[in-house]
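Novice:
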Amino acid sequence: VDGVDWAPVLNFYLEARYYALVGDPIKCFTAQSILHSAVNHLLNSSPGNTLIPLLHTTCKSTHLVAVAADKYHTRTTQHNDQARTQSAVNLLQESFSKTLNDRKEFSPNAPLSVDGSKKVGVLY
Numbered sequence: 252v253d254g255v256d257w258a259p260v261l262n263f264y265l266e267a268r269y270y271a272l273v274g275d276p277i278k279c280f281t282a283q284s285i286l287h288s289a290v291n292h293l294l295n296s297s298p299g300n301t302l303i304p305l306l307h308t309t310c311k312s313t314h315l316v317a318v319a320a321d322k323y324h325t326r327t328t329q330h331n332d333q334a335r336t337q338s339a340v341n342l343l344q345e346s347f348s349k350t351l352n353d354r355k356e357f358s359p360n361a362p363l364s365v366d367g368s369k370k371v372g373v374l375y
């Protein structure tokens, strides 16, 4: 759509959803992590802030899936390494940085647009 390759986002969304439905939180987190990286890449290469709602939803999902995957890992291995949660933190920090470091001026209460600042993502 408009020269943007949505295939990675859609593929890994469907993969994460599949693994969630079949009850495999570890594989779900792996797919969700790749999805999150793809969304970060799209946000970085897209004009304006129209992808902020997608980013926000992706961040929330990544956190939830990471916690579920770590609980599952702890339950099945008796080892609590929190590796997936730490990996999620890195993805969330990257998302936060991409929004905070946008060079466009932030205008409070402005609607999302191709001309808007990604900084709204920090407050969304």
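Each residue of the sequence shown is one higher than the one before, counting from 252 in this note's numbering.
Quick reminder that beta carbons are idealized off the backbone N, C-alpha and C, glycines included.
Check whether the segment 290-302 and the segment 354-368 touch, using three or more Cβ-Cβ pairs below 8 Å as the test.
Specialist: yes
Novice: Output needed for V371: all residues of its chain with C-beta closer than 8 Å, excluding positions within five of it in sequence on either side, in chain order.
Specialist: As a position in the sequence shown, residue 371 is number 120, starting the count at 1. Once the five neighbours on either side are set aside, the close Cβ partners of V371 are N300, I303, T350, F357, A361 and L363.
Novice: Whole angstroms are fine: how far does the CA of Q333 sit from the CA of V318?
Specialist: Along the sequence shown, read from residue 1 onward, the residue named residue 318 stands at position 67. Along the sequence shown, read from residue 1 onward, the residue named residue 333 stands at position 82. Whole-angstrom Cα-Cα distance: 8 Å.
Novice: Do you know offhand how far L293's Cα is from A320's?
Specialist: Taking the sequence shown and counting its residues from 1, the one referred to as residue 293 is at position 42. Taking the sequence shown and counting its residues from 1, the one referred to as residue 320 is at position 69. Rounded to whole angstroms, L293 to A320 spans 25 Å at the Cα level.
Novice: Only counting the same chain, and skipping five residues up and downstream in sequence, which positions put a Cβ closer than 6 Å to that of T325?
Specialist: Counting from one through the sequence shown, the residue named residue 325 turns up at place 74. Cβ contact annotation for T325 (same chain, cutoff 6 Å, sequence separation greater than five): N331, in chain order.
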